[in-house]
Amino acid sequence: MKPKENKEFKRKLEEACKAFTTYGVTHEDPKLDNAIDIGDRVIIIDLEQCIIEDTNWKGSMNKARVGYLMDSLQLKRQCEDEAKQREKKILQENAERIRLRNLASSNRRMAIN
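Heads up, the final residue of the sequence shown is numbered 100 in our numbering, and it's a clean run with no missing numbers.
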């Protein structure tokens, strides 16, 4: 999922969590792995730890879970971006080492001739 899709993902996530709240259910295992985006909606899975609560959306734990999951998504993306940056830096450093090695080898050949 691309960062620009955050608003739509959040909307679908809120819709799923509001449905839980409508039936007085709180999902007690909020993880990104338990929220599956299937295109037109998000499906929440792993319902073993659900509890029955109040059906008021504004004060519900489900509403708080949406914020938690969105924060988790941002953190996951940040970690992925940092890993990509580290990998890019390593590749650049390796390319520079190869370039310097080739340059040194070329200079030695020129000195011999």
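All C-beta atoms in this analysis are idealised placements derived from N, C-alpha and C, irrespective of residue type, glycine included. Since the structure is predicted, the reported quantities are computational estimates derived from the model, not experimental observations.
**Message:** Using a Cβ-Cβ cutoff of less than 8 Å, which residues in the same chain neighbour Glu83 once the five nearest sequence positions on both sides are dropped?
**Reply:** Closer than 8 Å at Cβ, skipping near neighbours: no residue.
**Asked** Which full runs of the beta strand (DSSP E) of 3+ residues lie inside the segment 19 to 94, going along the chain?
**Response** Listed in chain order, the complete beta strand (DSSP E) runs (minimum 3 residues) inside the segment 19 to 94 are 22 to 24 and 29 to 31.
**Request:** Can you say whether Lys(-1) is buried or exposed, counting buried as having 16 or more other CB atoms within 10 angstroms of its CB?
**Result:** buried
**Request:** Pull up the DSSP beta-bridge partners for Thr13, would you.
**Result:** Ile38
**Sequence-distant residues of its chain with Cβ nearer than 7 Å to Val12 (five each side left out)** = Cys37 and Ile39
**Asked** Quick one, are the C-beta atoms of Ile32 and Ile25 less than 8 Å apart?
**Response** no
**Item:** Cβ-based burial, Ser47 [other Cβ within 10 Å; buried from 16]
**Value:** Ser47 should be labelled buried.
**Request:** Can you tell me which of Ile30, Glu15, Arg95 and Pro(-10) puts its alpha carbon nearest to the alpha carbon of Glu1?
**Result:** Ile30
**Request:** With DSSP as the reference, label Lys(-11) as helix, strand or coil.
**Result:** coil
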